[in-house]
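This report refers to the structure that appears directly beneath it.
2 protein chains.
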Amino acid sequence: MLTFNQYFDKNSDLRHLANPNQKALDSVFDLISLERKNKKSGYYELPFEQKALQESHAYVKEKQFFLDSVKNIVIIGIGGSSLGLKAIDGLLSHLPARKKIQLAFLEHTDPIEIQKSLYNIHIKDSLFIIISKSGTTIETSSLMKYVIHRYGLFESFEKKSHLLFITDEDSPLYLLGKKEQVSTVGISKNIGGRFSVLSAVGVLPLMLLGYDVERLLEGAAEFEKNFFERKEEHLLKKAIFLAKNRDRFPINILFSYSSVFKDFNSWYVQLWGESLGKFDIYGKKVGLTPISLIGSIDQHSFLQLIAQGLMDKTITFLSIHQAKYIEPKIPDISFEYLGCTDFVNGASFAKLLNVQQIATMETIQNEGIPTDHIELEELCETNVGKLIIYFELLTSCVGGIFNINSYDQPGVELGKIRLREIFKILSKA
Amino acid sequence: MLTFNQYFDKNSDLRHLANPNQKALDSVFDLISLERKNKKSGYYELPFEQKALQESHAYVKEKQFFLDSVKNIVIIGIGGSSLGLKAIDGLLSHLPARKKIQLAFLEHTDPIEIQKSLYNIHIKDSLFIIISKSGTTIETSSLMKYVIHRYGLFESFEKKSHLLFITDEDSPLYLLGKKEQVSTVGISKNIGGRFSVLSAVGVLPLMLLGYDVERLLEGAAEFEKNFFERKEEHLLKKAIFLAKNRDRFPINILFSYSSVFKDFNSWYVQLWGESLGKFDIYGKKVGLTPISLIGSIDQHSFLQLIAQGLMDKTITFLSIHQAKYIEPKIPDISFEYLGCTDFVNGASFAKLLNVQQIATMETIQNEGIPTDHIELEELCETNVGKLIIYFELLTSCVGGIFNINSYDQPGVELGKIRLREIFKILSKA
Numbered sequence: 001m002l003t004f005n006q007y008f009d010k011n012s013d014l015r016h017l018a019n020p021n022q023k024a025l026d027s028v029f030d031l032i033s034l035e036r037k038n039k040k041s042g043y044y045e046l047p048f049e050q051k052a053l054q055e056s057h058a059y060v061k062e063k064q065f066f067l068d069s070v071k072n073i074v075i076i077g078i079g080g081s082s083l084g085l086k087a088i089d090g091l092l093s094h095l096p097a098r099k100k101i102q103l104a105f106l107e108h109t110d111p112i113e114i115q116k117s118l119y120n121i122h123i124k125d126s127l128f129i130i131i132s133k134s135g136t137t138i139e140t141s142s143l144m145k146y147v148i149h150r151y152g153l154f155e156s157f158e159k160k161s162h163l164l165f166i167t168d169e170d171s172p173l174y175l176l177g178k179k180e181q182v183s184t185v186g187i188s189k190n191i192g193g194r195f196s197v198l199s200a201v202g203v204l205p206l207m208l209l210g211y212d213v214e215r216l217l218e219g220a221a222e223f224e225k226n227f228f229e230r231k232e233e234h235l236l237k238k239a240i241f242l243a244k245n246r247d248r249f250p251i252n253i254l255f256s257y258s259s260v261f262k263d264f265n266s267w268y269v270q271l272w273g274e275s276l277g278k279f280d281i282y283g284k285k286v287g288l289t290p291i292s293l294i295g296s297i298d299q300h301s302f303l304q305l306i307a308q309g310l311m312d313k314t315i316t317f318l319s320i321h322q323a324k325y326i327e328p329k330i331p332d333i334s335f336e337y338l339g340c341t342d343f344v345n346g347a348s349f350a351k352l353l354n355v356q357q358i359a360t361m362e363t364i365q366n367e368g369i370p371t372d373h374i375e376l377e378e379l380c381e382t383n384v385g386k387l388i389i390y391f392e393l394l395t396s397c398v399g400g401i402f403n404i405n406s407y408d409q410p411g412v413e414l415g416k417i418r419l420r421e422i423f424k425i426l427s428k429a
Numbered sequence: 001m002l003t004f005n006q007y008f009d010k011n012s013d014l015r016h017l018a019n020p021n022q023k024a025l026d027s028v029f030d031l032i033s034l035e036r037k038n039k040k041s042g043y044y045e046l047p048f049e050q051k052a053l054q055e056s057h058a059y060v061k062e063k064q065f066f067l068d069s070v071k072n073i074v075i076i077g078i079g080g081s082s083l084g085l086k087a088i089d090g091l092l093s094h095l096p097a098r099k100k101i102q103l104a105f106l107e108h109t110d111p112i113e114i115q116k117s118l119y120n121i122h123i124k125d126s127l128f129i130i131i132s133k134s135g136t137t138i139e140t141s142s143l144m145k146y147v148i149h150r151y152g153l154f155e156s157f158e159k160k161s162h163l164l165f166i167t168d169e170d171s172p173l174y175l176l177g178k179k180e181q182v183s184t185v186g187i188s189k190n191i192g193g194r195f196s197v198l199s200a201v202g203v204l205p206l207m208l209l210g211y212d213v214e215r216l217l218e219g220a221a222e223f224e225k226n227f228f229e230r231k232e233e234h235l236l237k238k239a240i241f242l243a244k245n246r247d248r249f250p251i252n253i254l255f256s257y258s259s260v261f262k263d264f265n266s267w268y269v270q271l272w273g274e275s276l277g278k279f280d281i282y283g284k285k286v287g288l289t290p291i292s293l294i295g296s297i298d299q300h301s302f303l304q305l306i307a308q309g310l311m312d313k314t315i316t317f318l319s320i321h322q323a324k325y326i327e328p329k330i331p332d333i334s335f336e337y338l339g340c341t342d343f344v345n346g347a348s349f350a351k352l353l354n355v356q357q358i359a360t361m362e363t364i365q366n367e368g369i370p371t372d373h374i375e376l377e378e379l380c381e382t383n384v385g386k387l388i389i390y391f392e393l394l395t396s397c398v399g400g401i402f403n404i405n406s407y408d409q410p411g412v413e414l415g416k417i418r419l420r421e422i423f424k425i426l427s428k429a
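So the sequence lines, in the order shown, correspond to chains A and B. If you count by full-length UniProt numbering, then the first sequence holds residues 1 to 429, one letter each, in order. If you count by full-length UniProt numbering, then the second sequence holds residues 1 to 429, one letter each, in order.
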């Protein structure tokens with residue numbers, strides 16, 4: 001279960017925006033329903049589809065014997081092709097079902113990082129998964145060439161079985177996979193990378209790691225169904241509040257209380273930043289800047305700025321209920337000179353973390369800063385599915401109000417063109 | 001060597017601010033010189049002091065026999081007590097001098113993280129270093145109690161030798177250390193946590209890890225000396241530009257091209273955010289919001305927002321010159337359908353990363369967004385010392401122009417009081 005609490009009206013002058021009227025709610029809802037109906041993005045369908053599950057099961061069944069020997073999975077993919085998978089594994093890696101497979105990510109072109117990531121990776125017990133919508137992203141294609149060369153992955157049919165492509169149907173990489181008889185799983189073209197984690201991009205690797213991906217999709221499906229049956233109106237309210245206060249609060253912080261959220265927060269940063277930073281249909285630049293914080297640790301780095309710096313931020317707190325995590329405890333020891341720290345003695349660390357989150361939230365609220373709070377009852381596939389689709393739907397709603405296309409990223413293309421130009425100049429020099 | 005390039009005047013209407021007149025430069029310089037002279041913060045003296053070096057050498061000499069057996073160092077400390085050390089180890093861990101000691105950080109009260117950090121840590125080959133200005137920070141004191149209890153560190157004189165306290169002279173933790181005969185190294189009270197990495201807080205652990213800390217301090221000293229001899233005027237120019245444009249560009253991004261900068265960026269985020277987010281002397285809330293990005297990876301998550309979202313950001317690029325890192329290379333392989341990716345074939349990954357940084361910077365500049373670029377010739381102690389003091393001096397200059405106290409963090413105290421209150425209420429319930 002997830003609980004949602006919104007405290008947007010601590011500032012009396014924000015009260016009307018914190019409680020939008022029915023017309024406003026209906027208008028955003030209609031917008032999103034239309035998007036979904038028109039299949040502007042395919043992500044809306046993913047929780048209800050059987051495609052990713054079936055194709056993943058088929059792959060696992062075909063390769064069962066080889067997969068039983070796999071000790072390392074190396075993901076070659078960047079941005080939307082890796083962040084979602086990393087986020088979910090980060091949240092759930094403590095589950096007993098998680099196989100003892102090492103998951104490594106080869107994401108970028110940093111020479112030091114490449115060497116470190118592949119240290120101790122040998123072909124015999126490794127599976128290399130190339131994830132890319134096109135296969136032509138320069139980081140991914142370069143790293144793919146590197147691993148294929150380093151491990152001789154194209155040298156024989158046997159070696160090719162250590163490779164798996166997950167890519168858009170009929171993309172260059174898809175065609176290469178088919179031609180070279182590499183296992184290749186296709187995903188629909190109209191699912192953007194950052195909205196793709198509930199497709200085969202996430203589902204297939206997560207299945208290989210031992211997770212119950214059916215429950216992941218069921219959780220997402222349940223939340224989405226409820227949303228479209230108008231049972232999750234808080235989401236519409238939040239979208240309206242954030243979108244309509246974009247000039248006053250251009251920065252949105254996700255302040256997550258547990259280090260397990262670290263990669264989830266990075267996934268959110270990409271989803272929010274890349275979807276919402278756009279020209280709107282009137283040619284105006286809009287955007288909301290996402291920031292990732294982890295509690296309690298970032299209370300000691302960023303809280304001062306939130307509490308007493310510019311009032312340009314909203315804060316979403318994300319936490320796990322303490323009840324399920326009773327160990328370890330703070331020992332009931334008292335040291336001379338440090339008696340003022342004894343008030344937490346005997347409490348579980350989870351309880352301390354929980355109270356820290358509440359204390360920080362209340363302190364920030366008292367400054368008149370808009371906050372909301374999402375609490376997960378526990379970390380399990382179902383709840384993570386809900387959390388994923390919640391943030392995706394929220395992003396779509398805000399993008400809808402902004403009058404932008406939430407699903408493209410034209411600003412990234414300019415840099416790619418310039419990269420090619422500079423290489424051309426250098427090669428002539 | 002570090003090179004500094006500033007491109008603040010790509011927007012014609014910012015040109016006058018990008019080139020402040022001599023009076024403005026002198027005024028900021030005088031401000032900072034006075035701060036240093038008045039010892040408003042002790043950090044200015046650290047690169048020139050022998051104290052941290054001498055006390056660290058003394059500790060190493062006394063414990064040489066025990067230290068030779070240490071395979072794990074566990075740092076118990078949060079915020080300024082851990083971020084600087086982690087940053088420097090992240091930047092330099094590839095150096096041959098770095099000993100094969102595992103460095104673990106026990107920073108916060110997350111139950112899952114605690115268990116993970118201490119997995120496989122046994123007392124016999126481990127040193128536990130408690131770093132805290134007071135010893136009463138609740139995360140640090142609770143975790144200290146936990147490790148002392150778990151490993152029985154107070155049970156005998158022998159076991160106490162596995163403990164080391166680094167703390168303010170005469171703080172509660174200092175007094176406890178002296179009373180219990182735990183090795184205790186004191187630091188000056190007027191050095192804030194986030195400015196303390198060149199004190200024993202950083203120097204002693206870094207020495208234990210095998211780094212050449214003399215050169216770290218020398219690098220910092222050289223840069224600081226040059227700055228106060230008016231040979232690094234670009235720093236004053238940048239401070240004026242950022243401070244005077246705070247309303248137009250309230251967000252400052254540090255976009256570092258290599259994953260080795262990850263922890264360095266976190267150090268910068270704390271330094272910048274916590275120092276500059278304040279009430280000024282007129283009672284007005286001011287602040288600049290720092291954001292950490294790593295290239296090329298975050299080109300695929302955040303670049304869209306920079307390029308086409310709100311124009312409220314400045315970007316500092318940080319990179320390493322490619323010349324020293326010629327391996328690995330992108331293999332000269334061509335795949336059918338992927339021919340458009342072959343223009344980088346044969347280049348080193350470092351070169352690709354380098355050109356990606358240039359291409360991204362130029363693309364952003366063309367949008368009229370203010371950028372600057374710091375390039376390190378190579379990753380070594382000297383250059384890292386320079387980089388550290390550069391950002392500290394920059395922070396002081398901006399804080400000086402803001403008319404704030406850059407060295408306190410009153411906003412964090414409110415949450416601590418509320419934490420205590422909630423625990424009191426809960427214990428009565």
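The C-beta atom is built at its ideal place from N, Cα and C for all residues, glycine as well. Just so you know, these numbers come straight off a predicted model, no measurement behind them.
Under 7 Å by beta carbon: chain E residues contacting residue i
| i | result |
| --- | --- |
| residue 418/A | Any reference to chain E falls outside this structure, whose protein chains are A and B. |
Closer than 7 Å: residue i CB and nearest the ligand SAH heavy atom
| i | result |
| --- | --- |
| residue 418/A | In terms of ligand content, the structure shown is empty, and the ligand SAH therefore cannot be addressed. |
Spatial distance of residue i from residue j (CA atoms)
| i | j | result |
| --- | --- | --- |
| residue 297/B | residue 79/A | 7 Å |
| residue 74/A | residue 129/A | 6 Å |
| residue 72/B | residue 55/B | 21 Å |
| residue 142/B | residue 164/B | 16 Å |
| residue 29/A | residue 300/A | 39 Å |
| residue 196/B | residue 85/B | 10 Å |
| residue 250/A | residue 367/B | 20 Å |
| residue 245/A | residue 309/B | 15 Å |
| residue 191/A | residue 162/A | 26 Å |
| residue 364/A | residue 41/B | 28 Å |
| residue 430/A | residue 13/B | Since the first and last residues shown for chain A are 1 and 429, residue 430/A lies out of range. |
| residue 324/A | residue 109/B | 15 Å |
| residue 133/A | residue 189/A | 8 Å |
| residue 303/A | residue 53/A | 42 Å |
| residue 263/B | residue 294/B | 10 Å |
| residue 176/A | residue 392/A | 31 Å |
Spatial neighbours of residue i in its chain, beta-carbon cut-off 6 Å, leaving aside the 5 residues before and after
| i | result |
| --- | --- |
| residue 5/A | 373 |
| residue 160/A | 182 |
| residue 3/A | 375 |
Cβ shell of residue i (< 8 Å), same chain only, five flanking positions each side left out
| i | result |
| --- | --- |
| residue 67/A | 60, 127 and 208 |
| residue 286/A | 246, 276, 277, 278, 279, 280, 402 and 404 |
Rounded Cβ spacing between residue i and residue j (contact assumed at less than 8 Å)
| i | j | result |
| --- | --- | --- |
| residue 335/B | residue 420/A | Not really, about 18 Å apart at Cβ, beyond 8 Å. |
| residue 153/B | residue 254/B | With 8 Å as the limit, residue 153/B and residue 254/B do not qualify as a contact, their Cβ atoms being about 38 Å apart. |
Contacts around residue i, its chain only, beta-carbon distance under 7 Å, and the 5 residues preceding and following it disregarded
| i | result |
| --- | --- |
| residue 346/A | 329, 330 and 332 |
| residue 221/B | 47 and 48 |
| residue 352/A | 330 and 344 |
Continuous alpha helix (DSSP H) assignments of at least 4 residues falling wholly in the region 33 to 82 of chain B = 51 to 62 and 64 to 67
Interface residues of the region 96 to 128 of chain A facing chain B [CB-CB below 8 Å] | 107, 108, 109, 110, 111, 112, 113, 114 and 115
Could I get the ranges of all uninterrupted beta strand (DSSP E) runs contained in the region 335 to 389 of chain A, with 3 residues as the minimum, in chain order?
-> 371 to 376
Just by C-beta distance, which residues in the region 294 to 309 of chain B are closer than 7 Å to chain A?
-> 296, 297, 299, 300, 301, 302, 303, 304, 305, 307, 308 and 309
Could you name each continuous beta strand (DSSP E) segment of 3 residues or more that falls completely within the region 172 to 247 of chain B, going from the start of the chain to the end?
-> 183 to 187
Mind listing which residues of the region 322 to 356 of chain A have their C-beta closer than 8 Å to chain B's C-betas, in chain order?
-> 325, 327, 328, 330, 331, 333, 335, 336, 337, 338, 340, 341, 343, 344, 345, 347, 348, 349, 350, 352, 353, 355 and 356
Could you please tell me which residues of the region 372 to 402 of chain A, in chain order, have their CB closer than 7 Å to any CB of chain B?
-> none
Let me know the alpha helix (DSSP H) ranges lying completely inside the region 96 to 181 of chain B, each 4 residues or longer, listed in chain order.
-> 111 to 118, 138 to 151, 157 to 160 and 172 to 180
Return the residues of the region 57 to 87 of chain A that lie within a Cβ-Cβ distance of less than 8 Å from chain B, sorted by chain order.
-> 78, 79, 80 and 83
Interface residues of the region 246 to 264 of chain B facing chain A [CB-CB below 7 Å] | 250, 251, 258, 259 and 260
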